[in-house]
Every structure is written in structure tokens, then in C-alpha cells.
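*Asks:*
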Amino acid sequence: MRAGPRTAWAVSMIAACTASDPPPPDTSGVGGSVVQFVAASGAYRIQPPRARLGQLDDRVSLGSITDILVLDDRIFVADGLDPRIVAFDWSLNPVRASGREGDGPGEFRFPRRLTAAGERRLAVLDPGMARVSYFDSSGEFNDDITITANASDIAHHRSVGLLVSGDVFPSHYLLRIDSTGSVPFGIIPENLQERGGVPRELERVLPRHRNLVTVATDGRIYVLDQQQLALVAYESTGEIAETLLFPHALRERELQEANEAAEALGDRLISIEIASELRPLDDGRLFVRMTSGDTLGYVLDPGTRQATPLLTPVGPDWTWMRRGTIGAVNMRQLVIGDSWEAELHAAEIRFLEAGRF
């Protein structure tokens, strides 16, 4: 991935836009009533990690890191190679491990996604088992639900219940699972159904049903449409609240890089994840993981329509963070897992005004 163009975009947009600037008009070509994010007047930068758990640490050894969830005062890590969920404190001391490899209750084949599921409760998506398992705050297994979709992400809403991003209902992003089965939820906006922003040659490589879903602190449900790089907001009733697009230059660059990767890898390429994580933050904003150069993702504010980049620490020693998995509940501290080395790092975050980074 190229470091220069994305950083240049972020700096130039930050210099040109302020919090009071109105969003630019939509020129994406998808049509309809949509709003674009604009760049914020600064950026977040991760500080050098203050705590580390190495792959061969005597306290616990992780085989892989597939997802990280920060819940209350605990950090939960899904281990795909040694299938289990490991809980840590903020000093990265292991607290407990839940689950093991197997097909029985509370066991996993490949735990892939984690989400909060009510007060001090955890839900785990295991695509290999086609089910979602629930654990309480002590790590005890509660229950599981079989899913009927090729699922890529899950979220839990306090009144709607379990939401799964899948491919069962082609006119909807999500299926809602309750005691009676799966029902469609989150109808795809008409202006996004034609996939007008995606070059034809990318349709064979972009994952058709790899959309992301999360629930913000105000109860709104957000789906990140991978093909259109659009964020669609829903009320708990399923009604579309609004559609927000990533900045046009960012959308074009992401699609171009995906196309170049497809050309370079050819038939060996299975899929491209333009955005790999969508997290709710405790102040109502959202974090989306999109990696290029020293930008690890963006903090999205649906209220002000601002996109604030998250940058790596200064210096070449932190380039591994570009491939990492991030868990955060706020923009003051986070934990990031090295996807290749199965290491964990906890770090503080600082906000810097434009011109100071």
C-alpha cells in the first residue's frame, strides 16, 4: 500500500475544512439523498505502546488474533488458531480463557467476531460452526444460536436483538434473529442497490456480503456497505435514518488500490476488505478500520459529518500496526494486536490539531 497519497489527502483536507464547514455535495454517482463526511481539523495519533504481551509470553500464548473487543474494564481477544476467547486487563495480564476447540456448547472452530450483548455479556460469531455463542462476564457459557447466513459481522441491540450481516435476504443488509427464526432487517437503500460506484472489474473480487454492522450508544444501527464505501444508519424500527459516504477522494483511492491488488494477485485473490472493523465509541462516534500509509482508520462523527484520521506513532518501528487489529471504546486508549506475530500492545491516544503532526 502506498503511504504518500493518503497522508497528503488527510493533511490537505484538514487544512481546507473546519468543523463549521458544510459537507461538500455528493458527486459519487450513486444518486439519492446522501451526505459526505469531511475531514476534521486534526488527527489522533497512537503513542508508543506502554504494555506488551508477546507471542511466547509465559503468562499466555496466543495462536492468532482474529478480533478484539473492549468491554467495561476488560479486553477480550478471539484466538482463531487456538480457538478460545482470552480476557485481559489494561496491563495485558491474562484474566481468564473461555472455550476450546470442538463442536460442543461453548466450543469453537474459528471464533471470528466479538460484540457486546447486553450488560456484561459477550457474543462470539463462529462462521465455521454457523452459530453465535454467548458468555457472561465471568467467562461462563450461556447459550448459542444457529445462523443461516454466510455471516461476516454481528451486533446486538438492546431492543432489536441479534443482528447478523449475511446473505440470506438479498434486498437487506442484515438478518435479525429471534426465537422464531431469522427475519430481514435493514433494507438496502435504492441508490446503493445498483452498486454504481464499483468498477465492473472489481465485482469479481469485492466480497459481496462482507458488510460490517454495529450499534452506536444512542441505539442507532449502522451498516458499512463495502462496495459503496457508504455508512447507512437505521432506527431500531428498521427505518433508514440517513446515508453517509466517505469523502469522494478516499472512496476513489480505496477502490483503485483494491483494483491494483486484484490485478497483482490475479486468481489467487479471494476477497478484498476495504474496511475491516466498525466499532462504536462511548461518545456516540464510530471507528472504522481502513489502512493505508500511517493512517489506521477514521473516527466518524455522524452528527458533525467529520472523519478524523487515526495515525501510527512517529517512526518506522510501528509499521506493523498497519496490519493490526484494533480494539477501542474511546479515543483515549486502545489495544492493538499484531495479526502476524499474535502480540498485543496497549497504548494511549492523543488528539493533535492540524499542523502539529
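25 is the number of the first residue of the sequence shown in our numbering; add one for each residue after it.
Even glycine gets a Cβ: it sits at the ideal position worked out from N, Cα and C.
Can you tell me whether DSSP reads Q217 as helix, strand or coil?
*Replies:* It is helical.
*Asks:* Considering only the alpha carbon of each residue, which of S260, R380, G351, A378 lies closest to H369?
*Replies:* Selected option, being the one with the closest Cα: G351.
*Asks:* Tell me, to the nearest whole angstrom, how far the beta carbon of T139 is from that of H180; I am working on the premise that it is less than 8 Å.
*Replies:* With 8 Å as the limit, T139 and H180 qualify as a contact, their Cβ atoms being about 6 Å apart.
*Asks:* Residues in its own chain within less than 6 Å of T238 by CB, not counting five upstream and five downstream?
*Replies:* These residues qualify, in order along the chain: A179, Y246, L302, P304.
*Asks:* Tell me, please, which residues DSSP counts as bridged to Y158.
*Replies:* Bridge partners of Y158: A147, D167.
*Asks:* Taking the alpha carbon of Q60 as the reference point, which residue from L269, L334, R309, G339 has its own alpha carbon closest?
*Replies:* Measuring from the Cα of Q60, the nearest candidate turns out to be L269.
*Asks:* Does any residue of chain D have a CB that is nearer than 7 Å to the CB of S115?
*Replies:* Reference to chain D is not applicable here, since this structure consists of a single protein chain.
*Asks:* Applying the 10 Å Cβ sphere with the 16-neighbour rule, what's the burial state of V338?
*Replies:* When all chains shown are included, V338 counts as exposed.
*Asks:* Determine the burial state of P194: buried for a count of at least 16 other Cβ atoms within 10 Å of its Cβ, exposed for fewer.
*Replies:* Classification of P194: exposed, given that the 10 Å Cβ count is below 16.
*Asks:* According to DSSP, simplified to helix, strand and coil, what is E266?
*Replies:* Residue state, collapsed to three classes: strand.
*Asks:* Distance, Cα to Cα, V62 vs S363?
*Replies:* Roughly 30 Å between the two C-alpha positions.
*Asks:* Taking DSSP as the reference, what is the three-state secondary structure of T204?
*Replies:* Of the three classes helix, strand and coil, the one that applies to T204 here is coil, per DSSP.
*Asks:* Measuring only the C-alpha atoms, how far is T267 from R329?
*Replies:* Answer to the nearest angstrom: the Cα atoms are 11 Å apart.
*Asks:* Buried or exposed, going by whether 16 or more other CB atoms sit within 10 Å of the CB of N117?
*Replies:* N117 comes out exposed.
*Asks:* Given a cut-off of 7 Å, decide if F132 and P107 are closer than it, judged by their beta-carbon atoms.
*Replies:* Yes. Within cutoff.
*Asks:* In whole angstroms, what is the alpha-carbon distance linking P129 and D97?
*Replies:* In a straight line, the C-alpha of P129 is about 26 Å away from that of D97.
*Asks:* Going by beta-carbon coordinates alone, are M216 and Q252 separated by less than 7 Å?
*Replies:* The amino acid at residue 216 is misidentified as Met; the sequence shows Leu. Yes, they are a contact pair.
*Asks:* Touch check for the segment 112-127 and the segment 169-176: three-plus C-beta pairs under 8 Å?
*Replies:* The segment 112-127 vs the segment 169-176: no contact.
*Asks:* In chain order, what residues of the same chain lie with their CB nearer than 7 Å to the CB of S366, ignoring the 5 residues before and after it?
*Replies:* Correcting the residue identity first, residue 366 is Ala in this sequence and not Ser. Around A366: Q79, L86, G87, S88, I89.
*Asks:* May I ask you to report which of helix, strand or coil DSSP gives M314?
*Replies:* The answer is strand: DSSP assigns M314 an E or B state.
*Asks:* If you draw a straight line from the alpha carbon of N354 to that of L335, how long is it in whole angstroms?
*Replies:* Answer to the nearest angstrom: the Cα atoms are 15 Å apart.
*Asks:* L16: buried (16+ other C-beta within 10 angstroms of its C-beta) or exposed?
*Replies:* Outside the shown range of the chain (25 to 381) lies residue 16, about which nothing can therefore be said.
*Asks:* What are the boundary residues of the beta strand (DSSP E) that S122 is part of?
*Replies:* Note, S122: beta strand (DSSP E), 118-122.
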